[in-house]
Amino acid sequence: MFSNTNVVAINTNTSPPTKAVPYPSGIGVAGLNGQVVTKVTVTLQGFSHTFPSDVDIMLVGPRGQEAVLMANAGGQDRYNVTNLTLTFDDGATNSLPLFTSLVSGAFKPTNGYLDPYFGYSSLPFNFPPPAPAGNSNSASRLSVFKNTDPGGTWNLFVVSDVSGDSGMISNGWSLNLSVAVPLQIIQSRTNVVISWPASATNGHLQLSPTLFSPNTWTNVTTTPASYAGRFNVTNPILGGNTFYRLVTN
């Protein structure tokens, strides 16, 4: 897990949309060389606001992918909230409530602007620069980061789209990344060639005839050859099924 515990202040002291301070709030990710994202969750720690449906939040990854975590949610009336912990997870059971007060918990990313009840589906709302240019009312899915390189700065853009209210994320936010090393497997005559990025140095290759028993995995003893930025292992094709995985040392 990677975290930025600094406060994010959401004060509407200028014409909306008003940028939070800082804007964006960043988290640097390092030490995951050669790996790709398999799942992302985001947690806001200490979210308070006097009119939370005014708050719009977007996550932008190091490669430029973006996901709206929260927009136009939390009640279309003055539902003041204090010190909530909000986790955004594609696998959560529920989306954020659009018409009732927010509560702490895990929720699917929720872009209320896209709800047909409001007729906002064609309303362009853009986070101000330096957020990526273009309409940010895309579907809210953290899966947009899947299979991307996690290394670099992840940015959280927070704005208030209506004046007159204020709030904060008092304890900042955290980014939980599940990652894996991508294996490539190709057939070369009677052999199979398994390769992975050479930057992923902290692992060893294993094989198994089945995925149904954790006790059948054995280490591949062939020394990997380095070529074109990848480690390569060539094994003969065996009878039946053979599964491969890379395991952290």
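Be aware that the sequence shown starts at 565, since it is given in the working numbering, and climbs by one per residue.
Beta carbons: idealized from backbone N, C-alpha and C, even for Gly.
Beta-carbon contacts of residue i that lie in its chain and below 8 Å, excluding the five residues immediately before and after
i, result
"P788", "L769, F795, N796 and V797"
"T780", "S772, P773 and T774"
"N647", "G610, F611, S612 and S734"
"A697", "N690"
"G804", "P773"
Span of the beta strand (DSSP E), counted from its first residue to its last, around residue i
i, result
"M565", "Careful: M565 lies outside any beta strand (DSSP E) and carries neither H nor E."
"T798", "R794 to P800"
"R627", "Unbroken run through R627: none, as it is neither H nor E."
"Q751", "Q748 to S752"
"T812", "F807 to T812"
"P773", "Looking at the DSSP string, P773 is not in any beta strand (DSSP E), and its letter there is neither H nor E."
"S763", "Run containing S763: none; DSSP gives neither H nor E here."
"Y643", "Premise fails: Y643 is in no beta strand (DSSP E) and is neither H nor E."
"N690", "N690 -> no beta strand (DSSP E), and no H or E assigned at all."
"V572", "V572 to N575"
Secondary structure of residue i, DSSP reduced to three states
i, result
"V726", "coil"
"S707", "helix"
"D654", "coil"
"S814", "Here the chain covers residues 565 to 813 and nothing more, so residue 814 does not appear."
"Y587", "coil"
"G669", "strand"
"G736", "coil"
"Y677", "helix"
"W718", "strand"
"F611", "strand"
"L633", "strand"
"G731", "strand"
"G598", "coil"
"V745", "coil"
Residues near residue i in its chain [Cβ-Cβ closer than 6 Å; skip 5 each side]
i, result
"A656", "A670, F671 and K672"
"I591", "F566, N568, W718 and L739"
"N675", "V632, A635 and S704"
"T786", "V797"
Cut-off 7 Å between Cβ atoms - residues of its own chain near residue i, not counting five sequence neighbours on either side
i, result
"G767", "V745, L810, V811, T812 and N813"
"P800", "T754 and N755"
Cβ-heavy atom distance, residue i to the ligand GDP, below 7 Å
i, result
"N675", "As for the ligand GDP, it is missing from this structure, which has no ligand bound."
Euclidean distance between Cα positions of residue i and residue j
i, j, result
"G683", "A637", "Residue placement at G683 is poorly supported in this model, since its pLDDT is 49, which falls under 50; the coordinates are not used for a value here."
"R753", "T765", "28 Å"
"N570", "F663", "30 Å"
"V726", "N644", "15 Å"
"S668", "T651", "8 Å"
Using 8 Å as the cut-off, can you tell me whether the segment 733 to 742 makes contact with the segment 774 to 784, which would need three or more C-beta pairs spanning the two stretches below that distance? Counting Cβ pairs under 8 Å, fewer than three are found: no touch.
Can we say the segment 740 to 750 touches the segment 587 to 603, given the rule of at least three CB pairs closer than 8 Å? yes
When you compare the segment 750 to 766 with the segment 606 to 621, are there three or more beta-carbon pairs, one atom per stretch, that lie closer than 8 Å? no
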